[in-house]
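**Q** Numbering (our numbering), first residue to last: 997 to 1393.
For each residue, glycine too, the CB sits at the ideal point set by N, CA and C.
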Amino acid sequence: MKEPEGLNEPLLDLQDTFTTWCETELFSSEIREATALQNRYCDLHLEGLYSRLGLVEHLSEFRSASELCGALNFVETADIAMDSMLLRLGSRSDLIKTTHVDGETKFRATAEAPDRKEELRHTKNALFSLGEGFDASAEFIDFGAQNFEVALRDDPELMDRLLSGRERQFRELWFRATNVDPLQNIHGIMGARAFAELFRGGSVLEIGGGTGNGIRNVLRELRTQDSLSLIESYSFTDISLEFILQTRHEVLRQHPALRAKWHHLDINKSLEDQKQAADSLDCIYGVNAAHVARDIVEFLVQCRQALRPGGCVIFAERVRVNPTEMAPRELTLNGSIYHRTATTRAHYRPMHCYMAPENWLTVLKIAGFKNAVIFPDLEKLGLGFPDQYAAVIHGSI
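#1: Tell me which same chain residues have a C-beta within less than 6 angstroms of the C-beta of residue 1067, skipping the five on either side of it?
#2: Measure the Cβ-Cβ separation of residue 1107 and residue 1176 and say whether it is below 9 angstroms.
#3: Ignore the nearest five residues each way along the sequence and tell me which others in residue 1260's own chain have a CB closer than 6 angstroms to its CB.
#4: Buried or exposed: where does residue 1142 fall if 16 or more other Cβ atoms within 10 Å of its Cβ makes it buried?
#5: Cα-Cα, which of 1178, 1194, 1074 and 1151 is closest to residue 1007?
#6: Run through DSSP, which three-state label would residue 1259 get?
#7: Taking the Cβ atom as the reference point for each residue, do residue 1279 and residue 1310 lie within a distance shorter than 9 angstroms?
#8: Which of helix, strand or coil does DSSP assign to residue 1248?
#9: To the nearest angstrom, how far is the alpha carbon of residue 1016 from that of residue 1220?
#10: Quick check on the DSSP output: what are the complete alpha helix (DSSP H) runs of length 4 or more inside the stretch 1059 to 1129, in order along the chain?
#11: Does the CB of residue 1062 have a neighbour CB from chain B at under 9 angstroms?
#12: Buried or exposed: where does residue 1380 fall if 16 or more other Cβ atoms within 10 Å of its Cβ makes it buried?
#13: Please report the residue range of the alpha helix (DSSP H) in which residue 1054 lies.
#14: Should residue 1165 be labelled buried (16 or more other beta-carbon atoms within 10 Å of its own) or exposed?
#15: How is the alpha helix (DSSP H) around residue 1213 delimited, first residue to last?
#16: Going along the chain, which unbroken runs of the beta strand (DSSP E) with 3 or more residues stay wholly within the stretch 1259 to 1339?
#17: For residue 997, which of helix, strand or coil comes out of DSSP?
#18: Quick check: the Cα distance between residue 1319 and residue 1385, rounded to an integer number of angstroms?
#19: Suppose the cutoff is 8 angstroms on Cβ atoms and the five residues either side in sequence are ignored; what does the same chain contact list for residue 1179 look like?
#20: Could you give the distance in angstroms between the alpha-carbon of residue 1387 and the alpha-carbon of residue 1313?
#21: What does a CB cutoff of less than 6 angstroms around residue 1062 pick up in its chain, not counting 5 residues either side in sequence?
#22: From what residue to what residue does the beta strand (DSSP E) around residue 1386 run?
#23: Please report the straight-line C-alpha distance between residue 1360 and residue 1349, rounded to a whole angstrom.
#24: Are there three or more Cβ pairs, one per stretch, closer than 8 angstroms when the stretch 1289 to 1309 is compared with the stretch 1209 to 1227?
#25: Just to check my reading of the structure: residue 1211 and residue 1243 have Cβ atoms closer than 8 angstroms, yes? What is that Cβ distance to the nearest angstrom?
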């Protein structure tokens, strides 16, 4: 992936130092090993689902994901989740063969799946042994596997209730999945480091703040660097009132002097209609939030309009290094209607939700941003860590 021409020298220098920090400090040996184990754990669960759903019978002949979902009585848009699952199985096992007919991908089962229960248990134990918090990674994938049919057929709003905090029984699971799991918390740490390097002061809008991974890490990093005074105002937003109130309570207890606002904001609706004035912000920040915008270009255009001259967007994101490969966490997330319907397809978005690094650079350019850059240098980092998946996307006006 080549960075756009004309990128200024300070940003290139920062990308180099950021990449070195990721290589030598952030991506520890435990993180690298856990990433490989998480990938395998997901694949083992997918093979289990392959058997449980009876795909050898259902896919005895080539069928599309949509046709398969019809046979399984799954809900509309479930084909997005099924398509992702089958593509991953097809690329990572010998169980699925794919073909393309009139622009549509079709799948055929090739064999019964072996019994992987013992390897699944061993892989889970290996994850647990890496240290505190890694069990949260396995728990989240377990939940998605256990509730796959429920989310796609019996209770379609299950995962959306989890992701929005609408049911108390799921709140601890989602909090652990977004904050305790080191493989996920790494996005907040990486984003905070980039924020501290790129933010020059003023007003901040955080989108999709959820359970507080973004603001918590940003304030911790700025306090470490004695730079909290740079924040003139911080607007924490989400679509979940429960998460807003929960995060507000925690953050203000630790930072009572923070000049903060807390309110609902839906990135799939006009920012201006939600009382976000033009030329009013210096930074729009998000941790694993921007990718859920259904029309990513329109969302970025609205971000540009809300920013003052010199303002920027900083998004810590899981990226698809392989542009069409399902991420392990999507075994659970693809059960969410909200996640599945971030599906606007274009040359820059070949798959729903998560985007490839080069796709991010493209949409920033289309939306009118300059100095679009990805931190770290993913090609360089990938030489020693091919499974890496986390990045920070930056663009300024």
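**A** For this structure:
#1: For residue 1067, where only same-chain residues beyond five positions count, the Cβ hits under 6 angstroms are 1054.
#2: In this structure, residue 1176 does not lie closer than 9 angstroms to residue 1107 by Cβ.
#3: No residues qualify anywhere along the chain.
#4: An exposed status is given to residue 1142, since fewer than 16 other beta-carbon atoms sit within 10 Å of its beta-carbon.
#5: With respect to the C-alpha of residue 1007, the residue from 1178, 1194, 1074 and 1151 having the closest C-alpha is 1194.
#6: Strand, per DSSP.
#7: In this structure, the beta-carbon distance from residue 1279 to residue 1310 falls below 9 angstroms.
#8: Under the three-state reduction of DSSP output, residue 1248 falls in the helix class.
#9: Whole-angstrom Cα-Cα distance: 20 angstroms.
#10: Fully contained in the stretch 1059 to 1129 are the following alpha helix (DSSP H) runs of length 4 or more, in chain order: 1061 to 1067, 1074 to 1088 and 1113 to 1124.
#11: Going by chain labels, chain B is absent from the structure shown, which holds only one protein chain.
#12: Counting Cβ neighbours within 10 Å, residue 1380 comes out exposed, since fewer than 16 surround it.
#13: Under the DSSP assignment, residue 1054 falls in the alpha helix (DSSP H) whose first and last residues are 1051 to 1054.
#14: So residue 1165 counts as exposed.
#15: Looking at the DSSP string, the run of the alpha helix (DSSP H) that includes residue 1213 is 1209 to 1220.
#16: Within the stretch 1259 to 1339, the complete beta strand (DSSP E) runs of at least 3 residues fall at 1277 to 1283 and 1303 to 1314.
#17: With a pLDDT of 49 at residue 997, under the threshold of 50, the predicted position of this residue should be treated as unreliable, though the coordinate-derived value follows. Correct three-state label for residue 997: coil.
#18: Their backbone Cα atoms lie some 11 angstroms apart in a straight line.
#19: Closer than 8 angstroms at the Cβ level, and outside the excluded window around residue 1179, lie 1027, 1030, 1031, 1034, 1130 and 1133.
#20: Cα to Cα, the separation comes out at about 6 angstroms.
#21: Cβ-Cβ distances below 6 angstroms link residue 1062 to 1075 in the same chain, with the five nearest sequence neighbours on each side left out; the list follows chain order.
#22: Run containing residue 1386: 1386 to 1392, per the beta strand (DSSP E) assignment.
#23: Looking at the two C-alpha atoms, the distance is approximately 16 angstroms.
#24: Judged by Cβ distances under 8 angstroms, the stretch 1289 to 1309 makes no contact with the stretch 1209 to 1227, as fewer than three pairs qualify.
#25: Sure, about 7 angstroms apart at Cβ, within 8 angstroms.
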